[in-house]
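What follows is a single structure, written as C-alpha cells, with notes after it.
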C-alpha cells in the first residue's frame, strides 16, 4: 500500500473526532436526529478548517444504517470512506465549472439513489463556477427532488451569487483554536509513536494559523527532517528565529547598535530565515509587551512567557513599541510588491535604529523639567552647587569604632568605583588586610567620623528655605554589608532606560530626578545612588518625593527597592570608611533595610482652584504650585 499523508490518514471519520467547529457539528447532529434535513448546504470558511471533511461526514450520516450516524462500520459508511459509494458524488468546481458540466449534473439528479437514502453532491471550490453555470444550477437548487442534498464548499463566499446563497443553509467555519490543534497533533504523534516537545506543538499550531490540514502537513515535514519533534527542528525547517534571538534582536534595535543589527540580519538571511514571518513575529512580541505594560497580566499574553517579559519589558517604552510596530507594518505592506522583501526589512531596521538614536540624542540640559516654579529653584541650586569645591562631610556612626578617611580624591578626574567584589559578597571577612583591588584606601586617620552634615546655602526665596536631608550612616552601612555584585549589575543594566521616561509627561518628573544618578552599591531591596550635585541628592532623599520615586523605580526595575542618595564626592569617603571597618572586623551584622530619614507622607494637600485643577488634569503630577 502506498504512503498516505497524515492529513488523509487521520481525517475524522465521525463527528466526535472533529477538532473545533463544535457549533456546526452540534447543529448537524441535531438536524439528523430530528430528521430536519435541508436540500442545500453552504460551507464557507478558511482553508483547512474541515469543510470537505464535515461534508463527507454529513453524507455518511444521511446514508448510515447504524445506530449512531455516522457509525463508520456499516457498508454505506465504509464505502463513502473509501470513495466508492455510487450515491455520493464529489465535484471539483475549479475544473468542472462550465455550463455543460452543470447541465450533465442536473440530468442525473432526477435518478433515485442506488444504495443509500440520499444522493449527495459535494461541490468543492464552488466559487470557481461561471455565472452561466450558477444560473443553470439555480432552478435545481430551488426545487430539488426529495432524495437530493447539495453541499457547496468554498473559501470565498463573496464570489457566489446571492441567489444561490439564499437557497442554502449557510455554515461559517472558523479557524481552529491552537489548543484544539495541539490536542489533535498529540493524538497523531502518540498514534505514530513519535517523541515530541509540547512547545514544538504549540509552535506548529501557530504556524498553521487555524488550519488543521496545514498543521498536519507541517508536522509531517518536521518529522521527515527529524524523527523527534522539537522547537529547534521546527525553527530550522521553516526558517524561524527563536524567541531568545527575537528578544536579543529587539534589544539591539533599542540600543541603536546598527552594526550589530546588520550582522544579525546577515546571519538570519544566511540561515534562510523567512523575513515575512519574522516581521509578524516581531510584531507579536511587541504587541505582548504593550499588553503587559498596560495590564501587568501574564496570562493574557499570546507569545511571551514571564521570563521573556522580564528580559525585554524594562528596556522599551509603550510609545517605542507602537512606533516600531508601525514601521514593521509599513515594511510588510511592500513585501508582496517586491521581488526581494529583504531590502524593505533592512531599511525598516535602519529606520528603527535611527529613530531610537535621534531620541537618545536629547540631553537633560536641553530638556527643562515640566514643573511650575520647582524647575527654577532646582536650577539655581545646581548652579550654586557647581561653584562649590570643598564640602565638609561628617559621617555618623554610633555603633562602630572611629575610622579614617582620605578626602583628597577629585571626583571630576576619577570615576566612581563600585565597592563590591565577588570574592567577598555575603562571605565572612576573615582577612582584615584584604580589600578589592579597584578601590583606593587611605591609611591615615585625621579626624574621627561622627555624623553627616553637608553645607548648603539657602535658596533665595521669601517663604521657605531648602535644607539638606540628613541620612544615617548606619542605613548606608547596612546596605553595604549586604551588597551583591549580581544585584548591582542587573540594576545598572536597566538604569539607562530611566532617561527615556523623560519624554513621557506622566513620568518626566521622576525620570529627571533619577537619570543623572549612578547606582554604586546594591543589595536585595536596597540601592545607594550617587549624584554629582547636592540638590539632586536632596530631592531624592526628601520624604515628599521618595515614595513616588520608589513606585516609579519599581516599574522600571521590576522589583521594589529602598534607596539612599549620596553625593559623588562623599561616596569615595563613605567607601573608604567601609573598607576600613571591613579590615578591622567591625562591620555590623545585616539588618532589615529601614531608612530613618524617610517619614510618613503628609496628606494635607490644599484645595485646588479651577485653573490649578485644569493644570493637574493636563500635566498630572508634573505640576507644582507656589504657596
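In our numbering, the protein residues as written are 17 to 643. We put the CB at the ideal spot given by N, CA and C, even for glycine.
So which of the options has the shortest CA-CA distance to residue i?
i, options, result
"residue 116", "45, 149, 138 and 497", "149"
"residue 234", "121, 198, 104 and 535", "198"
"residue 109", "119, 146 and 246", "146"
"residue 77", "269, 44, 584 and 141", "44"
"residue 81", "133, 614 and 627", "133"
"residue 564", "163, 587, 527 and 546", "527"
"residue 529", "55, 569 and 269", "569"
"residue 46", "85, 62, 55 and 79", "85"
"residue 644", "489, 55 and 179", "The question about residue 644 has no answer, for the chain in this structure spans 17 to 643."
"residue 547", "519, 163 and 584", "584"
"residue 571", "517, 550, 551 and 590", "517"
"residue 299", "319, 312, 285 and 286", "319"
"residue 362", "56, 279 and 604", "279"
"residue 331", "269, 499 and 226", "269"
Leaving aside the five residues before and after residue i along the sequence, list all residues of the same chain whose C-beta is less than 7 Å from its C-beta, in chain order.
i, result
"residue 503", "538, 539 and 540"
"residue 29", "88 and 97"
"residue 27", "69"
"residue 175", "143"
"residue 231", "197, 201, 220, 221 and 224"
"residue 102", "130 and 131"
"residue 439", "Summary for residue 439: the model assigns pLDDT 37, below 50, so the residue's position carries little reliability; its value from the coordinates is reported in the next sentence. Cβ neighbours of residue 439 beyond the five flanking positions: none."
"residue 158", "183"
In the structure shown, what three-state DSSP assignment does residue i receive?
i, result
"residue 627", "helix"
"residue 604", "coil"
"residue 278", "helix"
"residue 80", "coil"
"residue 66", "coil"
"residue 506", "helix"
"residue 515", "helix"
"residue 257", "coil"
"residue 646", "There is simply no residue 646 to check, as the chain begins at 17 and stops at 643 in what is shown."
"residue 562", "helix"
"residue 424", "Low local confidence applies: a pLDDT of 36 at residue 424 is under 50, so the model's placement there is unreliable, and no value is given."
"residue 454", "Caution applies to residue 454, whose pLDDT of 40 falls short of 50 and renders its modelled position unreliable; the value that the coordinates give is listed next. Residue state, collapsed to three classes: coil."
"residue 58", "strand"
"residue 539", "strand"
"residue 156", "helix"
"residue 100", "coil"
"residue 645", "Residue numbering for the chain in the displayed model covers 17 to 643; residue 645 lies beyond these limits and cannot be assessed."
"residue 534", "strand"
"residue 50", "coil"
"residue 301", "helix"
"residue 162", "coil"
"residue 337", "helix"
"residue 553", "helix"
"residue 583", "strand"
"residue 491", "helix"
"residue 616", "coil"
"residue 290", "coil"
"residue 346", "helix"
Please go through the same chain and pick out, in chain order, the residues whose beta-carbon is closer than 6 Å to the beta-carbon of residue i, but skip the five residues on each side of it.
i, result
"residue 222", "none"
"residue 206", "none"
"residue 212", "205 and 245"
"residue 229", "23 and 64"
"residue 625", "none"
"residue 236", "22"
"residue 16", "Because the chain in this structure spans residues 17 to 643, residue 16 falls outside the shown range and cannot be described."
"residue 54", "185"
"residue 350", "360"
"residue 562", "614"
"residue 226", "191 and 192"
Please go through the same chain and pick out, in chain order, the residues whose beta-carbon is closer than 8 Å to the beta-carbon of residue i, but skip the five residues on each side of it.
i, result
"residue 20", "none"
"residue 310", "334"
"residue 619", "Reliability fails at residue 619, whose pLDDT of 49 lies under 50, so the model's placement of it is uncertain and the value that follows must be treated cautiously. Within the same chain, residue 619 has no close Cβ partners at all."
"residue 545", "530, 533, 534, 535, 536, 556, 579, 580, 581 and 582"
"residue 485", "553, 554, 557, 558 and 613"
Just to check, is the beta-carbon of residue i closer than 7 Å to a non-hydrogen atom of the ligand ADP?
i, result
"residue 612", "Inclusion of the ligand ADP in the displayed structure is not the case, the ligand content being empty and no account of it being possible."
Original post:
Within the chosen definition, does the region 603-615 reach the region 491-509 through at least 3 CB pairs nearer than 8 Å?
Top reply: Judged by Cβ distances under 8 Å, the region 603-615 makes contact with the region 491-509, as three or more pairs qualify.
Original post:
If we count Cβ pairs, one from each stretch, closer than 8 Å, do we get three or more for the region 271-279 versus the region 292-307?
Top reply: Result no; under three Cβ-Cβ pairs closer than 8 Å.
Original post:
Which runs of the alpha helix (DSSP H) spanning at least 4 residues fall entirely within the region 305-331, listed in chain order?
Top reply: Look at the region 305-331 and you find these whole runs of alpha helix (DSSP H), each 4 residues long or longer: 322-328.
Original post:
Quick one: any contact between the region 67-83 and the region 29-46, if contact means 3 or more CB pairs under 8 Å?
Top reply: Judged by pairs of C-beta atoms under 8 Å, the region 67-83 touches the region 29-46, as three or more such pairs exist.
**OP:** Evaluate the contact criterion for the region 323-334 versus the region 257-265: three or more CB pairs, one atom per stretch, below 8 Å.
**Re:** A contact exists between the region 323-334 and the region 257-265.
Original post:
At which residue ranges does the region 180-254 contain complete beta strand (DSSP E) runs of 3 or more residues, listed in the order of the chain?
Top reply: Here the runs fully enclosed are 185-188.
Subject >> Segment contact flag, the region 246-259 with the region 330-338, C-beta cutoff 8 Å, min 3 pairs >> reply: Contact fails: fewer than three Cβ-Cβ distances are below 8 Å.
Subject >> Length at least 4, wholly inside the region 85-151: the alpha helix (DSSP H) runs in chain order >> reply: Entirely contained in the region 85-151, the alpha helix (DSSP H) runs reaching 4 residues are, in chain order, 91-98 and 115-125.
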